[in-house]
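One structure below.
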Amino acid sequence: MVSREVQAHDTVVRFGNASVGGDKFAVIAGPCSVESEAQLLSVAEVVKQHGAVALRGGAYKPRTSPYDFQGMGVEGLKLLKLASEQLNIPTVSEVMEVGQMKDMCEYVDCLQIGARNMQNYALLKAVGENKKPVLLKRGLSATIEELLLAAEYIYDAGNPNIILCERGIRTYETATRNTLDLNAVAYLKQRTHLPVVVDPSHGTGVRELVIPLSRAAAAVGADGIIVESHLNPCEALSDGHQALTGPMFEQLMQELKPFVEAA
Ligand code: PEP
Ligand code: MN
71 MVSREVQAHD TVVRFGNASV GGDKFAVIAG PCSVESEAQL LSVAEVVKQH GAVALRGGAY
131 KPRTSPYDFQ GMGVEGLKLL KLASEQLNIP TVSEVMEVGQ MKDMCEYVDC LQIGARNMQN
191 YALLKAVGEN KKPVLLKRGL SATIEELLLA AEYIYDAGNP NIILCERGIR TYETATRNTL
251 DLNAVAYLKQ RTHLPVVVDP SHGTGVRELV IPLSRAAAAV GADGIIVESH LNPCEALSDG
311 HQALTGPMFE QLMQELKPFV EAA
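Below you can see the structure in the form of structure tokens.
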């Protein structure tokens, strides 16, 4: 049902004043993790000012090490709501388990399913039974077919508001954090009517590579990008090395202008 064969026209996913899919190239931006009110509001203001349509920020963080920062939890969700109301920008945040759904739905506009949970079927069904838009990330070693079938779980449970996200896959290459599979974007755009966005932050893991790969995402036909940004990345509690600084985010938006404004 996510197939182009059953629906030829592009699905446009709307939340708050943002829309992803169709003619527009959407930029979703914000920190990897919500860390404090000052951190979130300051970066939110910068990304909004330069044209981001939605604010990202994790409150529940799936960290490789249990000793690393695990996120602010519901306090982080409340800060997302605060930023959203103050700056009139909708939010995207990761839900890691079914038990978080109630709070997530209360405070956040679009629910992210992280790469590590792409095949958490209980979670897919739970977000499917809800009408909130879902940003579904491709699993670390998932095939495109597996991504589409994960989306099918959400669609089949009753929620057609799905954004697919290519965020890099694990390969033998170690120079970058992941290998951003732009083939997947071109392929998905032909196979499915769902919008497809690219995450060049996790896709590369290297701040300096985020702008070039964002241009590549736009060129290959993605419907948008989701990028990490932090005003003081050296002090970030997660993924600082791949976060765009404020000036870099401004430069990114400058370079994407032909795509963002073609809308
Ligand atoms: C994130 O968006 O911060 C994140 C953890 O992403 P992924 O699930 O793609 O690793
Ligand atoms: Mn991150």
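Take 71 as the starting number for the sequence shown in UniProt numbering and just add one per residue.
No residue lacks a Cβ here, since even glycine has one placed at the ideal position from N, Cα and C.
C-beta atoms of residue i and residue j nearer than 8 Å
i	j	result
Gln-189	Gly-169	no
Gly-198	Tyr-223	yes
Gly-141	Ala-153	no
Gly-294	Val-104	no
Ala-114	Gly-100	yes
Ser-271	Gln-312	yes
Gly-121	Val-83	no
Phe-95	Ala-288	yes
Val-255	Val-204	no
Leu-314	Phe-139	no
Thr-274	Leu-250	yes
Phe-319	Val-116	yes
Ala-220	Leu-194	yes
Leu-149	Ser-163	no
Ser-102	Glu-298	In the sequence on display, residue 102 carries Cys and not Ser. Cβ distance < 8 Å, so Cys-102 and Glu-298 count as in contact.
Pro-230	Thr-81	yes
Met-71	Tyr-225	yes
Nearest neighbour of residue i, chosen from the options [CA to CA]
i	options	result
Lys-151	Phe-139, Ala-124 and Gly-310	Ala-124
Arg-237	Thr-246, Pro-230 and Asn-231	Thr-246
Thr-213	Phe-139, Ile-239 and Val-116	Ile-239
Ser-112	Pro-328, Ser-308 and Asn-302	Asn-302
Thr-161	Met-71, Lys-172 and Asp-179	Asp-179
Tyr-257	Thr-241, Cys-235 and Thr-244	Cys-235
Val-276	Glu-305, Asp-309 and Val-267	Asp-309
Asn-87	Gly-143, Glu-145, Glu-155 and Leu-322	Glu-155
Val-266	Ala-332, Gln-321, Gly-92 and Glu-167	Gly-92
Leu-304	Gln-109, Ser-73, Arg-74 and Glu-75	Here the sequence assigns Cys to residue 304, which means Leu is not the residue at that position. Checking every option, the nearest Cα to that of Cys-304 belongs to Gln-109.
Val-144	Lys-118, Gln-119, Glu-75 and Ser-106	Ser-106
Gln-321	Asn-248, Gln-119, Asp-173 and Val-76	Gln-119
Whole-Å CB distance - residue i paired with residue j, under 8 Å assumed
i	j	result
Lys-202	Gly-184	With 8 Å as the limit, Lys-202 and Gly-184 do not qualify as a contact, their Cβ atoms being about 16 Å apart.
Asp-269	Ile-296	5 Å
Ala-196	Met-171	5 Å
Arg-186	Pro-132	5 Å
Asn-200	Cys-175	6 Å
As assigned by DSSP and simplified to three states, the class of residue i
i	result
Lys-222	A quick correction: the sequence has Glu, not Lys, at residue 222. Helix at Glu-222.
Phe-139	coil
Lys-327	helix
Gly-294	strand
Glu-167	coil
Thr-274	helix
Arg-240	coil
Ser-299	strand
Ser-89	strand
Val-197	helix
Cys-102	coil
Arg-84	strand
Leu-110	helix
Gln-156	helix
#### Entry: Inter-stretch contact (C-beta, 8 Å, three-pair minimum) for the stretch 277 to 285 and the stretch 256 to 265
no
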